[in-house]
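Numbering (this note's numbering), first residue to last: 78 to 401.
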C-alpha cells in the first residue's frame, strides 16, 4: 500500500504543472538597462528605458500577470509595443507619492547643431536612426506649423484652405484657379481634403499641371479611387518648396533633416519635436491594466490597440493626450 501510494503521489505531482509566480519589474530614469531581468525585479536596480521594457516583453522575459512599475518623478521617452498574446499585464507607478506621476512621452529635445539652409531657414540632421516621422515641432514652447499651401499664419486659430473648382466625374482629378506655381511644383505633395462634412481623407499628388483657364490641375495617385466634390476644402503639405513662411517646418525622413523657418530669423536654440506615434501599442495583449501613468505629447494617441479584446482596461489613469 505504501509503495502504491508513493507511486500515485509521484505520478500526481508529475502531472500537475508548477505554479509560476508573477514578477514586478522596476523602471527608473536613474536606472540602467545593463541590469539583468533578475536584478530589475528590485527597486534598487531598475531598468532605465521603455526600449528595454519592450525588448523584455517581446523577448519572453516578461510573462502573463507580471507588473511593470515606473518610478514617480521619472520621465521616459519612446513607446512599448506589445506584439504578443500576453494577458493580465499591469503598468503602474511606484516610489515617493509626493513626486509627480511617471511621464511617458513621445517628445524629445533637438540637440544637433543648426546651420543656415537659405535666408531665415535653418536645418539640422537628427541622430540616427532617423525618425520615420516628425509630428510636431515646438520652438521656445510655441507650436510651429507644418509647411503647407495655402499658408497658415503662426498663432492663427482660423482655418486656411483652398477649394476645388472644376472636378472630374469619373477620376480623382480637380483644378483650382488659385494655384499659379509652375507645373510639377506640387508633384508628390500630400493632399488633405474634406470628402464629407465630418471627415478628411488624403492622397499623394501624382500629377500637377497648369491648364489654361483652370489654374493648377491635380491628379491623385492610386491610393485614392474616389472623386472630388466641387467647392470642397483642401490643403497641400509635405514638400520643402512649401517652406516659405515664418514659423513653418519640414522634415525629410530620407536624410533625417529637419528644416525650420525660424520666427524673427533667429538661430533655433530651443526646439522640441514629437517623433513617436503612441505610448503603448498592442497587437494581442489582453486585460492590460494601466494605473497612475502620465502620457503626454504623442503623435497619435497614448495607447493603441489593434484588436478588440479588452485592451486597455485603465484603473484611475491620468492621461494627457495632445492632438496633433
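All C-beta atoms, glycine included, are put in the ideal place defined by N, C-alpha and C.
Residues near residue i by beta carbon distance below 6 Å, same chain, minus five either side
i           : result
residue 351 : 183, 184, 212, 213, 374, 376
residue 151 : 105, 106, 179
residue 297 : 249, 280
residue 215 : 349
residue 114 : 138
residue 337 : 199, 326, 345
residue 172 : 148, 149
Own chain residues within Cβ distance below 7 Å of residue i, not counting five before or after
i           : result
residue 261 : 285
residue 108 : 123, 124, 125
As assigned by DSSP and simplified to three states, the class of residue i
i           : result
residue 268 : strand
residue 118 : helix
residue 398 : For residue 398, the predicted model reports a pLDDT of 37, less than 50, meaning its position is unreliable and no value from the coordinates is stated.
residue 292 : strand
residue 317 : helix
residue 389 : Low confidence applies here, because residue 389 scores a pLDDT of 48, under 50, leaving its location unreliable; read the following figure in that light. In the structure shown, residue 389 sits in coil (DSSP, three-state: anything other than H, G, I, E or B).
residue 166 : coil
residue 283 : strand
residue 151 : coil
residue 367 : strand
residue 130 : helix
Rounded Cβ spacing between residue i and residue j (contact assumed at less than 8 Å)
i           : j           : result
residue 103 : residue 131 : 16 Å between Cβ atoms; not a contact.
residue 263 : residue 278 : The Cβ separation is near 17 Å, so there is no contact.
residue 348 : residue 187 : 4 Å
residue 228 : residue 322 : 5 Å
residue 142 : residue 99  : 4 Å
residue 155 : residue 128 : 6 Å
residue 342 : residue 197 : 4 Å
C-beta atoms of residue i and residue j nearer than 9 Å
i           : j           : result
residue 242 : residue 307 : yes
residue 140 : residue 362 : no
residue 255 : residue 293 : yes
residue 145 : residue 166 : yes
residue 208 : residue 111 : no
residue 116 : residue 101 : no
residue 365 : residue 305 : no
residue 309 : residue 272 : yes
residue 252 : residue 295 : yes
Residue environment, residue i, which counts as buried when at least 16 other CB atoms sit within 10 Å
i           : result
residue 312 : buried
residue 315 : buried
residue 275 : exposed
residue 221 : buried
residue 288 : exposed
residue 170 : buried
residue 359 : buried
residue 157 : buried
Cut-off 8 Å between Cβ atoms - residues of its own chain near residue i, not counting five sequence neighbours on either side
i           : result
residue 205 : 333
residue 319 : 224, 225, 226, 266, 313, 325, 327
residue 344 : 191, 199
residue 259 : 287
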